[in-house]
Amino acid sequence: MSTSVATRPSVGSPPRAVAKRPRRRTHFPAYIILIALALFAIGPMIAVLFNAFKNNAEIGSNPLAPPTSLSLHNFSTAWTEGDFSETMRNSAILVIGSVIGTCIIAGLAAYALSHLNVPGGNGVIAYLFLGSAMPVQLFVVPLFSLWTNLRLTDNLFGLMIIYWATDAPFATLLLRSFLMKVPKEFVEAARIEGASELQIARRVMVPLAWPGFMTVALIVGLWAWNEFFWAITFIHDPSKRPISTSFMAFQDENSTNWGLTSAAALFMLIPVVLLFLSLQRRFVAGLTSGGLK
Numbered sequence: 024m025s026t027s028v029a030t031r032p033s034v035g036s037p038p039r040a041v042a043k044r045p046r047r048r049t050h051f052p053a054y055i056i057l058i059a060l061a062l063f064a065i066g067p068m069i070a071v072l073f074n075a076f077k078n079n080a081e082i083g084s085n086p087l088a089p090p091t092s093l094s095l096h097n098f099s100t101a102w103t104e105g106d107f108s109e110t111m112r113n114s115a116i117l118v119i120g121s122v123i124g125t126c127i128i129a130g131l132a133a134y135a136l137s138h139l140n141v142p143g144g145n146g147v148i149a150y151l152f153l154g155s156a157m158p159v160q161l162f163v164v165p166l167f168s169l170w171t172n173l174r175l176t177d178n179l180f181g182l183m184i185i186y187w188a189t190d191a192p193f194a195t196l197l198l199r200s201f202l203m204k205v206p207k208e209f210v211e212a213a214r215i216e217g218a219s220e221l222q223i224a225r226r227v228m229v230p231l232a233w234p235g236f237m238t239v240a241l242i243v244g245l246w247a248w249n250e251f252f253w254a255i256t257f258i259h260d261p262s263k264r265p266i267s268t269s270f271m272a273f274q275d276e277n278s279t280n281w282g283l284t285s286a287a288a289l290f291m292l293i294p295v296v297l298l299f300l301s302l303q304r305r306f307v308a309g310l311t312s313g314g315l316k
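First residue of the sequence shown: 24, per my numbering; consecutive thereafter.
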C-alpha cells in the first residue's frame with residue numbers, strides 16, 4: 024500500500040501565477056449618453072404634446088408641465104381652421120408619387136450602372152455626384168420660367184416631377200451601392216434562362232436589393248413630407264398646398280396661440296413618425312434575408 028506525500032514548493036522557487044478573472048466591462052457610461060441623447064431628441068416632442076392640450080395661461084405658467092386635462096379643443100379648432108384634411112391629402116399624394124417615381128427611376132438607373140456595360144458609366148456617376156452636391160437654388164429662376172410656360176405651377180404633378188429630379192441622383196448612387204453587392208451569377212443565370220434586362224431588374228434585383236429600396240423610400244418619403252422650398256415657390260393655390268406650407272401659414276395667423284400651433288405641429292409630426300416606424304420595421308426585416316440564403 025503506497026501513500027502519497029504532498030510536496031510543498033521549495034523556498035527558492037518562484038510563486039505560481041494566479042489566474043486573474045477578466046473584469047466585466049460596464050456599459051453604464053454608454054447608457055447614460057444614450058439616455059441623454061434620447062431625452063434631447065424626444066424632449067421637444069413631449070413638450071409640444073403637452074402644450075397641445077393646454078391654453079395660453081397654462082403654457083405661460085409652466086410650459087413643461089403635463090396638462091391638467093385632456094381637452095381636444097385645440098385639435099378640433101386647428102384641424103378646421105387650418106384645413107389640414109386637404110393639405111395632408113396633398114402631402115400624401117406627393118409622398119406616394121415621389122416614392123414610386125424615384126424608386127423606379129433610380130432603380131433602373133442603378134441597375135444599368137451596376138450590371139450593364141454602359142458607355143461612359145463612370146462619367147454618369149461623376150455627374151450624379153456633381154448634381155447631388157450643387158445647391159438647388161441655382162435652378163429656381165429658369166425652372167420657374169419653364170414651369171410657367173408648361174402650366175405646371177400650382178400643380179401637384181409638376182411639383183412631383185421636381186422631387187423626382189432632385190431625389191433621383193442620390194437615390195441612384197445609394198441603390199447602386201446595394202446592387203453592386205448582388206452576385207453577378209444571379210444575373211447571368213437569369214440571362215441564360217432567357218429573361219430580358221427589364222425582367223432581371225424587376226424579378227431578380229428588386230427582391231435582392233429590397234433593403235436598399237426601403238431605405239430610399241424612407242428618405243424620399245420623409246423629405247417629400249417636410250419639403251418647404253420648392254412647395255412654397257411653385258404652389259400658391261391654398262387648395263393645392265402641402266402640409267409644410269399650410270402649417271407655416273397657420274402658424275403666422277396664430278402666432279400668439281401656442282396651444283393651437285402645438286396641435287397643428289402634431290398633425291405634421293405624427294404621420295412622419297408613423298411612416299418612419301412602419302418602413303423601419305420592413306427595412307430591418309429585409310436586412311435579415313439575403314439573396315444567397
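C-beta atoms are modelled at their ideal positions from N, C-alpha and C, and glycine is treated no differently.
No Cβ-Cβ contact shorter than 8 Å links V229 with F209. Excluding sequence positions up to five before and after V118, its CB lies within less than 6 Å of the CB of G244, A247 and W248, all in the same chain and listed in chain order. The beta carbon of S155 lies closer than 8 Å to those of P192, F193 and L196 in the same chain, with the five residues before and after it left out. Annotation for S219: no residue places its beta carbon closer than 7 Å to its own, counting only its chain and skipping 5 residues before and after. In the three-state DSSP reduction, L231 falls in the helix class (H, G or I). Check the Cα spacing between T176 and each of I258, V122 and L166: the tightest is with I258.
Counting along the chain, the unbroken alpha helix (DSSP H) around I266 starts and ends at I266 to E276. Counting along the chain, the unbroken alpha helix (DSSP H) around F193 starts and ends at L179 to L202. With a cutoff of 8 Å on beta-carbon distance, W187 and I128 are scored as near each other. Membership of I223 in the alpha helix (DSSP H) is indicated by the continuous run E220 to I223. Nearest C-alpha to P265 among F299, S137 and F180: F180. Closest option to N97, judged by alpha-carbon separation, among S285, G235 and V295: S285. Pairing I55 with G282 gives a Cβ-Cβ distance that is not under 8 Å.
Contact between M183 and S121 holds, with the beta-carbon distance rounding to 6 Å and staying under 8 Å. Counting of Cβ neighbours within 10 angstroms places Y150 among the exposed residues, the total staying below 16.
A direct Cα-Cα distance of roughly 21 Å separates P142 from V205. Its Cα nearest to that of S92, the residue F73 stands out among A101, P261, G130 and F73. Under the DSSP assignment, R112 falls in the alpha helix (DSSP H) whose first and last residues are F107 to H138.
Secondary structure note for K263: it is in no alpha helix (DSSP H), with a DSSP letter that is neither H nor E.
For A80, the number of other beta carbons within 10 angstroms of its own is below 16, and it is reported as exposed. Residue state for M157 is assigned as coil, using DSSP reduced to three classes. The closest CA to that of L292, considering only P165, A53, A75 and F152, is found on A75.
DSSP places K77 in the coil class of the three-state scheme, outside both helix and strand. Here G105 is near S269, since their CB atoms are less than 8 Å apart. By the Cβ-count criterion, V159 is exposed, with fewer than 16 other Cβ atoms from all chains shown falling within 10 Å of its own Cβ. DSSP places T176 in the coil class of the three-state scheme, outside both helix and strand. Between the C-alpha atoms of V239 and A224 there is a straight-line separation of about 17 Å.
Leaving aside the five residues that flank N277 on each side, the residues in its chain whose CB is nearer than 7 Å to its CB run, in chain order, L283 and T284. Between the beta-carbon of R199 and that of L136 there is about 5 Å, and that keeps the pair under the 8 Å contact cut.
Here the alpha carbon of V295 sits roughly 37 Å from the alpha carbon of L139.
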